[in-house]
Amino acid sequence: MQRAAERDQRDRRDEREKRVKGLHRFLVCAAAVPVMLIATGCSSDSGSDDGAGADDGAQVSSSASASASPSPTVQAAVYKSLPQSCKVLSKKTLEDLVPEAKSGKAGKSDDASTRGSCSWSSLDNNGVKGSQFRWLNVSLLRFDSDVTRGSGEKLAREYYETQVQDARSASGAKNVKSEPVAGAGDEATAVRYDLKKKEGAFKQETVVARVENVVVTLDYNGAGYAGDKTPSADALNKLAQKAIKEAVASVTKANGGDSGSAGTPSSTPSKSASKSPSKSPSASASKAAAGSPSKSASKKS
42 MQRAAERDQR DRRDEREKRV KGLHRFLVCA AAVPVMLIAT GCSSDSGSDD GAGADDGAQV
102 SSSASASASP SPTVQAAVYK SLPQSCKVLS KKTLEDLVPE AKSGKAGKSD DASTRGSCSW
162 SSLDNNGVKG SQFRWLNVSL LRFDSDVTRG SGEKLAREYY ETQVQDARSA SGAKNVKSEP
222 VAGAGDEATA VRYDLKKKEG AFKQETVVAR VENVVVTLDY NGAGYAGDKT PSADALNKLA
282 QKAIKEAVAS VTKANGGDSG SAGTPSSTPS KSASKSPSKS PSASASKAAA GSPSKSASKK
342 S
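As structure tokens, this is what we get:
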């Protein structure tokens, strides 16, 4: 009986221990499950956030790239054509400047809408009483806007300044003087100087004018041959300024503007940009000016 009671107590003790161990394992597992769920949830949220952040970052980067590099633009050139170079001056003006000239000689141009030039020679031969020589050249250069170089007006302004400086520093020039010219486009400068050549003493007038994106350069010189007197610099200057105003007005008129208001065009801005000319028409004009007097004089003297 006693042994049976001891065995019964032992069995109940073992049963309690089993229950306690089972409960402990349950509590441990129950505590572990929320931790796993939380860990899984955090891992899932973190992955989702990383994906959204990457997408958002890509979108921001794309937007920033698009806004940082917009399509380049430049102000369109106002003038898109040029008048015929040999018709920029009236018959009356030509008679005043080069009275013995038969007709103008147009310079070569690969694109008449961007460049042009015309020259006239006049020799009033009075035999033993001497002769009066005159030479006139008008060159026109139009600049289109270019996204890499700038607007046509900017390019024309730079070229205008270069032309004026070249006239002031002409080789062999003496007694150089320059003055602004009013009423000839947006800006204009007249440069005068004396030039000694084997044919005689020359008076040179160079007038450079800019109207919008076009630059007009007028070279005018005169000399007395065979003992005839040297022309008046003031008289040549007055004629040259008259001619430059007329040439500028012709440019404005060719683009639909009022020829009486050379600086106020009404033409439609150019929509296309083209390459700016690499050669200066005034350079060839200067060469012609240097050679024309002696050539014409040798033919008619």
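Under this note's numbering, read the sequence shown as residues 42 to 342, first letter to last. Glycine is no exception: its CB is placed at the ideal position from the N, C-alpha and C atoms.
Sequence-distant residues of its chain with Cβ nearer than 6 Å to residue i (five each side left out)
| i | result |
| --- | --- |
| E246 | R233, Y261, L277, N278, A281 |
| G157 | L123, S126, S150, L181 |
| G193 | A118, F184, D185, S186, N254 |
Distance, residue j Cα to residue i Cα
| i | j | result |
| --- | --- | --- |
| E136 | T271 | 19 Å |
| T203 | P221 | 15 Å |
| S126 | V256 | 13 Å |
| S212 | K294 | 35 Å |
| E253 | S160 | 24 Å |
| T155 | L259 | 17 Å |
| A147 | K132 | 16 Å |
| V248 | A223 | 12 Å |
| A225 | S144 | 25 Å |
| S210 | W176 | 20 Å |
| A197 | V169 | 47 Å |
| I285 | Q206 | 18 Å |
Of the residues the options, the one placed nearest residue i, counting alpha carbons only
| i | options | result |
| --- | --- | --- |
| F174 | N296, Q204, K238, R209 | K238 |
| A288 | G265, A250, G268 | A250 |
| P140 | V169, Q206, S162, P113 | S162 |
| D187 | V115, K128, Y201 | V115 |
| N167 | G268, D299, S144 | G268 |
| A227 | A264, A290, L130 | Checking the displayed sequence, the identity of residue 227 turns out to be Asp instead of Ala. Taking only the C-alpha atoms, the option nearest D227 is A290. |
In DSSP terms, what residue i is bridged to
| i | result |
| --- | --- |
| V255 | R183, V252 |
| E136 | None; E136 has no bridge partner. |
Cβ shell of residue i (< 7 Å), same chain only, five flanking positions each side left out
| i | result |
| --- | --- |
| S273 | none |
| R165 | Strictly speaking, residue 165 in this sequence is Asp, with Arg absent from that position. Cβ neighbours of D165 beyond the five flanking positions: P140, E141, S172, Q173. |
| K283 | T134 |
Other residues of its chain near residue i: CB distance less than 8 Å, five sequence neighbours each side excluded
| i | result |
| --- | --- |
| A214 | Y234, D235, L236, Q245 |
Considering only residues of the segment 157-238, which uninterrupted beta strand (DSSP E) runs meet the minimum length of 3 residues and lie entirely inside it, listed in chain order? Taking only runs of at least 3 residues, the beta strand (DSSP E) segments lying wholly in the segment 157-238 are 172-183, 215-221, 228-238.
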